[in-house]
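Peer 1: In terms of this note's numbering, the sequence shown has 198 at position 217, counting the first letter as 1, and numbering is strictly consecutive.
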Amino acid sequence: MSPSELTSPVIEPLRVDLGERSYPIHIGSGLLSQLGGLIEGLAPSRRLVIVTDETVHGLYGEALAEALSNYTAHIVVRPAGEAQKSMEGLDSVLEAMFKAGMDRSDLLLAFGGGVIGDLAGFAASIYKRGMPFVQIPTTLLSQVDSSVGGKTAINNRYGKNLIGAFYQPRAVIADTDLLSTLSDRELKAGYAEVLKYGLLGDRDFFDWLDAEGGERVLRLDPEALSKAIFISCQTKARIVAADERESGQRALLNLGHSFAHALELDAGYDGDLLHGEAVSAGMDMAFAFSVQAGYCRSEDAAKLSKHLEKLDMPRLSTLGGRLSDPAKLTRFMGQDKKNEAGKITLILARAIGEAFVQKAVPDENVETFLTALSENGLSENGST
Ligand code: NAD
Ligand code: GLY
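1. Between the Cα of Glu402 and the Cα atoms of Asn137, Pro343, Lys309 and Arg331, which residue gives the shortest distance?
2. Name the DSSP beta bridge partners of Pro5, please?
3. With H, G and I counted as helix, E and B as strand and the rest as coil, what does DSSP make of Thr120?
4. If you draw a straight line from the C-alpha of Val347 to the C-alpha of Leu310, how long is it?
5. Thinking Gly70 and Ile144 are a contact (beta carbons under 8 Å), I'd like their distance in whole angstroms, please.
6. Leaving out five residues on either side along the sequence, give the residues of the same chain with a beta carbon under 7 Å from the beta carbon of Arg331.
7. Check whether the Cβ of Lys141 sits closer than 7 Å to any heavy atom of the ligand GLY, and report yes or no.
8. Does the Cβ of Phe79 have 16 or more other Cβ atoms within 10 Å, making it buried, or fewer, making it exposed?
9. For Gln339, which of helix, strand or coil comes out of DSSP?
10. Could you have a look at Val129 and say whether DSSP puts it in helix, strand or coil?
11. Less than 6 Å between C-beta atoms, sequence neighbours within five positions excluded: which residues of the same chain meet that for Ser305?
12. Are there 16 or more other CB atoms within 10 angstroms of the CB of Ser123, so buried, or fewer, so exposed?
13. Given 7 Å as the limit, tell me if Ser127 has its C-beta closer than that to any heavy atom belonging to the ligand NAD.
14. Spatial neighbours of Leu199 within its chain, please: CB distance less than 8 Å, with the 5 preceding and 5 following residues excluded, ordered by chain position.
15. Glu47: which of Gly18, Ala61 and Pro60 sits nearest, CA to CA?
16. Exposed or buried, what is Lys324 when buried is set at 16 or more other beta-carbons lying within 10 Å of its beta-carbon?
17. Pull up the distance between the alpha-carbon of Pro150 and that of Leu159, whole angstroms please.
18. Could you round the C-beta distance between Ser127 and Asp99 to whole angstroms and report it? I think they count as a contact, below 8 Å.
19. Among Gly111, Pro113 and Lys132, which has the Cα closest to the Cα of Val96?
20. Run the proximity test for Ile107: is its beta-carbon closer than 7 Å to any non-hydrogen atom belonging to the ligand NAD?
21. Would you give the residue range spanned by the beta strand (DSSP E) that Thr53 belongs to?
22. In its own chain, which residues sit with a C-beta less than 7 Å from the C-beta of Ala243, not counting the 5 before and 5 after it?
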């Protein structure tokens, strides 16, 4: 089915094509109630460990238990929030799994947003050298991005996602009904990653989002939401199938993320700045940097800034004091995973829909750019 033919919230499963590690992405309304059938046969035993957070457990724990009544399930409930992606959070999950006596014939279900997906996925990758797991993403961000592709990780004081593994799930099951309980703030954080797919390689998708799609997605219009999730997952599945371990084009999925990760590390992982909020502003920064470096027309950066402003999304001009220490942010960017031989790698853009990887960006250029932003501010048209 082509995305333009999508008129109903029920969508055929997509596939992440990775040979014997291929898996389906189920997207649609009402999938939680079908979960028992969807996970049938994904592991030898009928024992499950479910990792979730307090918020998701409170909202959907009962519905989940009902859907899984034919399985023996042990549930691990962690507090909500990015702070769980830590050694302490990981240790708590593993400890609960050992206490429950889980083994490699059992199945782990990651039931929550990107934090639970990244944390529980990493736990699955190292528990007794690896057990099968399924992603059941419950936020917009996790349904369009983090649940697909097998990146699992925790943070440490050196930065985001610096300890982790590539470890693919056996399936992704995204029930779009669950998004109805998300706050506006969380929805917008997820929308940043939707927008990313347009900006990195799909001008038509961006144009649709800009014309009407973005507003409709944020209003949870079922048709627009399904289309946005489908196109996002389709793009991600294609990129991951071509470059699972990020030796090439997968890095494009990190558009805006080098700036974002530095802002997040600086803010601390306490909810003050959400990942998707940092990505939203980080993409605005990547376009502004691209204009300044002479790669991109200022009209394209301005179009992005206007789109972000129209939807009241985080952007450069809303960052305020977060840019007040350019040297520190540059140092944080120097610790990013994409860097090579100690030199900063940035994902930049030639236009909306044309991102590229720029290696060996001199630290001085990044610091000069950030200094100009912090001293002069940034107008909405994307130029310093
Ligand atoms: P999150 O998991 O913290 O969820 C956001 C908040 O929404 C939490 O408080 C959670 O309890 C709540 N929530 C979850 N589902 C809900 C629902 N249906 N209704 C109401 N509330 C709900 O954050 P996130 O934005 O989903 O994910 C961010 C994380 O994802 C970051 O750690 C980021 O690094 C990671 N990430 C990973 C990848 C990857 O490829 N692995 C890609 C992008 C982002
Ligand atoms: N979110 C970046 C990736 O999955 O590669």
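Note that beta-carbon positions come from the ideal geometry of N, C-alpha and C, so glycine has one too. Since we're looking at a predicted model, the values are computed, not measured.
Peer 2: Taking the definition as stated:
1. With the chain covering -18 to 365 only, the question about residue 402 has no answer from this structure.
2. Beta-bridge annotation (DSSP): Pro5 is paired with Arg(-4).
3. In the structure shown, Thr120 sits in coil (DSSP, three-state: anything other than H, G, I, E or B).
4. For Val347 and Leu310, the distance between alpha carbons rounds to 9 Å.
5. Contact flag wrong, Cβ pair sits at about 12 Å.
6. The beta carbon of Arg331 sits closer than 7 Å to the beta carbons of Tyr276, Cys277 and Phe337 from its chain, once the five residues preceding and following it are set aside; these are given in chain order.
7. Lys141 has its CB no nearer than 7 Å to any heavy atom of the ligand GLY.
8. That one is exposed.
9. Gln339 falls in the strand class under three-state DSSP.
10. Val129: coil per DSSP, three-state reduction.
11. Ser355, listed in sequence order.
12. It is buried - the Cβ of Ser123 has at least 16 other Cβ atoms within 10 Å.
13. Result yes, Cβ under 7 Å from the ligand NAD.
14. If we look at Leu199 and ignore the five residues flanking it on each side, its Cβ neighbours are Asp165, Leu168, Lys169, Tyr172 and Leu292.
15. Measuring from the Cα of Glu47, the nearest candidate turns out to be Gly18.
16. Exposed, since its Cβ has fewer than 16 Cβ neighbours within 10 Å.
17. Cα to Cα, Pro150 sits roughly 20 Å from Leu159.
18. Confirmed, Cβ separation roughly 6 Å.
19. Minimum Cα-Cα distance from Val96 among the listed residues Gly111, Pro113 and Lys132 corresponds to Lys132.
20. With a threshold of 7 Å, the Cβ atom of Ile107 does not count as near the ligand NAD, since no heavy atom of the ligand is closer than that.
21. Thr53 -> beta strand (DSSP E) spans Thr53 to Arg59.
22. Excluding positions up to five away in sequence, the list reads Leu310, Phe313 and Met314.
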